[in-house]
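Residue numbers for the first sequence follow this note's numbering, beginning at 273 and rising by one.
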Amino acid sequence: MTETLPTTLVWLRRDLRLADNPALAFAAQRGRVVPVYILEESEGDPWPMGGAMRWWLHHTLTDLAERFEKLGVPLVLRHGDPLTILPELVQETGADCVVFSRRTDALGRTVDAAVEKALVAAGIEVKSFNASLLFESWDITTKAGGPFKVYTPFSKACFAATIDAPVPVPKKMRGYHPPLAGGSKLRQQFRGGVKAPSLGFYPSPKNPSPAGLDFSTLPQGEGDLSSLSLLPTHPDWGGMLHVHWKAGEGAALKRLGQFIGGGLAAYKTMRDRPDQDGTSCLSPYLAVGAIGPRQIWHAVQNAMASRQGIAAGAEVFLKELLWREFSHHLLYHFPHLPEKPLQAAFAQMKWRRSKADLAAWQKGMTGYPIVDAGMRQLWQTGWMHNRVRMIVASFLIKDLLIPWQQGEAWFWDTLIDSDMASNAASWQWVAGCGADAAPFFRVFNPVLQGKKFDPDGAYVRRFVPELSGLQGPALHAPWLLSHEALAQAGVTLGKTYPTPIVDHAAAQQRALAAFKGKM
DNA sequence: TGAAATGTTGGGGCG
DNA sequence: ACGCCCCAACATTTC
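Structure representation (structure tokens):
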């Protein structure tokens, strides 16, 4: 009797959760469920998954596999080309339907289209769903019917539209029976195992750690999912990230609850303070889909309806969520967003090529404390406060005049929340070449930004220990301090901490000149 | 979701 | 009481 139930493959990607997962809900209702995650590696992929994201994905998958296993539905893991793996799995399980959640990046959409075509040609039903966004990329349009290129009208259109309620976790799930070859033990179900190349920014014997950080004493990885080779080795810097982040759907929901009960009310102002815990820190969970934007949106709406005094903070927070939405909207409609400036004139911009300056920026050794603190927070925790992201990005693009794509690539490899759309759109925004971008001449002064948003210097001291003997706003320009003050703090500029690699005022003039000459 | 230079306004001290 | 100056606070302009 049960053998007659239809079987559905749920191809999971960046929707690694049970709740608010329409594809999974559809499959559960339909019959037997075979959830599968494929570590995709495409020849010529310009954006192979970064090292930090691989680490984060590993731990997210570990959590998800446990959740599935508790429900008696083993998560299948594969490594390679979905175009060959999915038909194999269909054959193996007798599935007659494959479902997945849509994505917005160009390569992903190309792969999905090819997979759908091949499966449909083989007589398999294929359905795709929206799990990652509040709206379909084509649902929000201007009055003329085209894509939005300006954020404010886009956000207004979103606020005016209806956002679907999250889909609940399927009440009941039936797994494929008998289990796939290899038994029920998670680790025995993995295939493949060729170590994938990342961009190679994270340290390896070839690529020693920046900023003199010592990774050698960090604990080894857990060994789960080992054949996907997601965890770093030689050295294993993953333990460093472990201190800061707990992966998975449960951790995501917990963090959402903490944020709504805590930081949300004062979000409007506190979100700009990297020395405070004022942001949601949900981006790593959103990036892998351990939580979905609809869940966040509705949780915030519910809190607004039941509590006084949080409306102002909540509105700003929801707008941040809509920036993410806007980024995906842009990536969908402008697939070259990660590589090419949306404003074509910027292709003529005369950038500098300085390996030394790029390395100083990456290592957090520019001599500007707020910039260095940000870059080291990124390295040490896989995450950076949003205000500081803008500061360091402005510094790379405007002060160092280095192409924004190089900053984008570094962030892609080092962020655990790396998202093609948000990363590309945000770098273009700072560079001034994107949609609705900050004008190019809007140059952040790293000293003023530091004084304004890290007034006591607590953030800098946390990530730049060389300066921990200094305090107060003056810490943001150590080269202006007296010799005595520096000596007392144990700072010798040029020795214990770098002198600024560029003079900001001169660099700003240089940037404006380069911009003016070419635009 | 800049910064700095420049312009304007208005309150208060003072002769 | 009045005009004058100073200057902080705010607004506008420019890059």
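Note that beta-carbon positions come from the ideal geometry of N, C-alpha and C, so glycine has one too.
A quick note: this is a predicted structure, and the numbers were derived from the prediction, not measured.
Own chain partners of Arg543 with C-beta closer than 6 Å, once the 5 adjacent residues on each side are dropped: On the first sequence, position 271 is the one that residue 543 refers to. If we look at Arg543 and ignore the five residues flanking it on each side, its Cβ neighbours are Gly550 and Thr551.
With 16 other Cβ atoms within 10 Å as the buried cut-off, status of Arg350: By one-based count along the first sequence, residue 350 stands at place 78. By the 10 Å Cβ count, Arg350 comes out buried.
C-alpha gap between His608 and Glu680, whole angstroms: Position 336 of the first sequence holds residue 608. Position 408 of the first sequence holds residue 680. In this structure, the straight-line span from the alpha carbon of His608 to that of Glu680 is close to 14 Å.
Terminal residues of the beta strand (DSSP E) in which Tyr448 lies: The residue you call residue 448 lines up with position 176 of the first sequence. Unbroken run through Tyr448: none, as it is neither H nor E.
Glu312 burial status per 10 Å Cβ neighbour count (16 or more: buried): Position 40 of the first sequence, counting from 1, holds the residue named residue 312. Glu312 comes out buried.
Own chain, CB closer than 6 Å to His600, minus 5 neighbours either side, in chain order: The residue given as residue 600 occupies position 328 in the first sequence. Answer for His600: Thr376, Leu405 and Ala693, listed in chain order.
Proximity below 8 Å, CB of Phe325 to CB of Ile688: As a working note, residue 325 is residue 53 in the first sequence. As a working note, residue 688 is residue 416 in the first sequence. One point to set straight first is that residue 325 is Met, not Phe, in the sequence displayed. Yes. Within cutoff.
Given Tyr769 as reference, the closest of Leu758, Glu738, Gln781 and His755 once Cα atoms are compared: Counting from one through the first sequence, the residue named residue 769 turns up at place 497. Of Leu758, Glu738, Gln781 and His755, the smallest CA-CA separation from Tyr769 is found for Glu738.
Within the segment 400-433, ranges of the alpha helix (DSSP H) (whole runs, at least 4 residues): Complete alpha helix (DSSP H) runs here, min 4: 423-432.
Alpha-carbon spacing of Val398 relative to Trp676, whole angstroms: Residue mapping note: residue 398 aligns to position 126 of the first sequence, counting from 1. Residue mapping note: residue 676 aligns to position 404 of the first sequence, counting from 1. C-alpha separation (whole angstroms): 38 Å.
In DSSP terms, what Glu312 is bridged to: The residue you call residue 312 lines up with position 40 of the first sequence. Gly352.
Cβ separation of Val362 and Val370, assumed to be a contact under 8 Å, to the nearest whole Å: Taking the first sequence and counting its residues from 1, the one referred to as residue 362 is at position 90. Taking the first sequence and counting its residues from 1, the one referred to as residue 370 is at position 98. About 7 Å; that satisfies the 8 Å criterion.
Extent of the continuous alpha helix (DSSP H) to which Trp682 belongs: Translated into positions along the first sequence, residue 682 becomes position 410. In the DSSP annotation of this structure, the continuous segment of the alpha helix (DSSP H) that includes Trp682 starts and ends at Trp676 to Thr686.
Three-pair Cβ contact test at 8 Å for the segment 564-584 versus the segment 430-448: Segments in contact, yes.
Residues sharing a beta bridge with Pro307, DSSP: Counting from one through the first sequence, the residue named residue 307 turns up at place 35. Under DSSP, Pro307 forms a beta bridge with Val282.
Reduced DSSP category for Val370 - H, G, I as helix; E, B as strand; rest coil: In the first sequence, the residue the question calls residue 370 occupies position 98. In the structure shown, the three-state DSSP call for Val370 is strand.
Distance between Phe340 and Gly366 (C-alpha atoms, nearest Å): Reading the first sequence from its first residue, position 94 is the one you call residue 366. Reading the first sequence from its first residue, position 68 is the one you call residue 340. CA-CA distance, Gly366 to Phe340, rounds to 20 Å.
C-beta contact flag for Ala783 and Val702 at 8 Å: Here residue 783 corresponds to residue number 511 of the first sequence, with the count starting at 1. Here residue 702 corresponds to residue number 430 of the first sequence, with the count starting at 1. Contact: no.
For Leu391, the three-state DSSP class (helix, strand or coil): Along the first sequence, read from residue 1 onward, the residue named residue 391 stands at position 119. Here Leu391 sits in helix by DSSP.
As assigned by DSSP and simplified to three states, the class of Glu738: Locating residue 738 in the first sequence gives position 466, where the first residue counts as 1. Note: Glu738 maps to helix in three-state DSSP.
Inter-residue spacing [alpha-carbon to alpha-carbon] between Ala337 and Thr424: What you label residue 337 is simply residue 65 of the first sequence in a count that begins at 1. What you label residue 424 is simply residue 152 of the first sequence in a count that begins at 1. The alpha-carbon atoms of Ala337 and Thr424 are separated by roughly 40 Å.
Inter-residue spacing [alpha-carbon to alpha-carbon] between Leu290 and Pro442: Here residue 290 refers to the residue found at position 18 when the first sequence is read from its first residue. Here residue 442 refers to the residue found at position 170 when the first sequence is read from its first residue. For Leu290 and Pro442, the distance between alpha carbons rounds to 7 Å.
Nearest residue (CA-CA) to Pro346, options Pro307, Gly316 and Val422: Here the question's residue 346 lines up with position 74 in the first sequence. Its Cα nearest to that of Pro346, the residue Pro307 stands out among Pro307, Gly316 and Val422.
Span separating the alpha-carbon of Val774 from that of Phe787: For the purposes of this step, residue 774 is taken as the residue at position 502 of the first sequence. For the purposes of this step, residue 787 is taken as the residue at position 515 of the first sequence. Roughly 18 Å between the two C-alpha positions.
Nearest candidate by alpha-carbon position, reference Gly520, set Gly654, Tyr640 and Trp328: Working through the first sequence from its first residue, we reach residue 520 at position 248. If we check each option's Cα against that of Gly520, Trp328 comes out closest.
Sub-8 Å separation of Cys553 and Leu614 beta-carbons: As a position in the first sequence, residue 553 is number 281, starting the count at 1. As a position in the first sequence, residue 614 is number 342, starting the count at 1. Not in contact: Cys553 and Leu614 (Cβ atoms no closer than 8 Å).
Pairwise C-alpha distance: Gly418 and Phe856: The structure shown does not extend to residue 856, since the chain is modelled only from 273 to 791, so the question has no answer here.
Test item: CB-CB of Gly522 and Val305 under 8 Å: Counting from 1 along the first sequence, the entry for residue 522 is found at position 250. Counting from 1 along the first sequence, the entry for residue 305 is found at position 33. Result no, Cβ atoms of Gly522 and Val305 do not sit closer than 8 Å.
Extent of the continuous alpha helix (DSSP H) to which Ala559 belongs: Walking along the first sequence from the start, residue 559 turns up at place 287. Under the DSSP assignment, Ala559 falls in the alpha helix (DSSP H) whose first and last residues are Ser555 to Val560.
Per-residue DSSP class, three states only, for Val441: The sequence position of residue 441 within the first sequence is 169, counting from 1. Coil, per DSSP.
Closest residue to Asp685 among Ile663, Gln652, Gln700 and Ala432 (Cα-Cα distance): Reading the first sequence from its first residue, position 413 is the one you call residue 685. Distances from the CA of Asp685 to each of Ile663, Gln652, Gln700 and Ala432 were compared; the closest alpha carbon is that of Gln652.
Tyr640, DSSP secondary structure in three states: One-based indexing of the first sequence puts residue 640 at position 368. Three-state result, Tyr640: coil.
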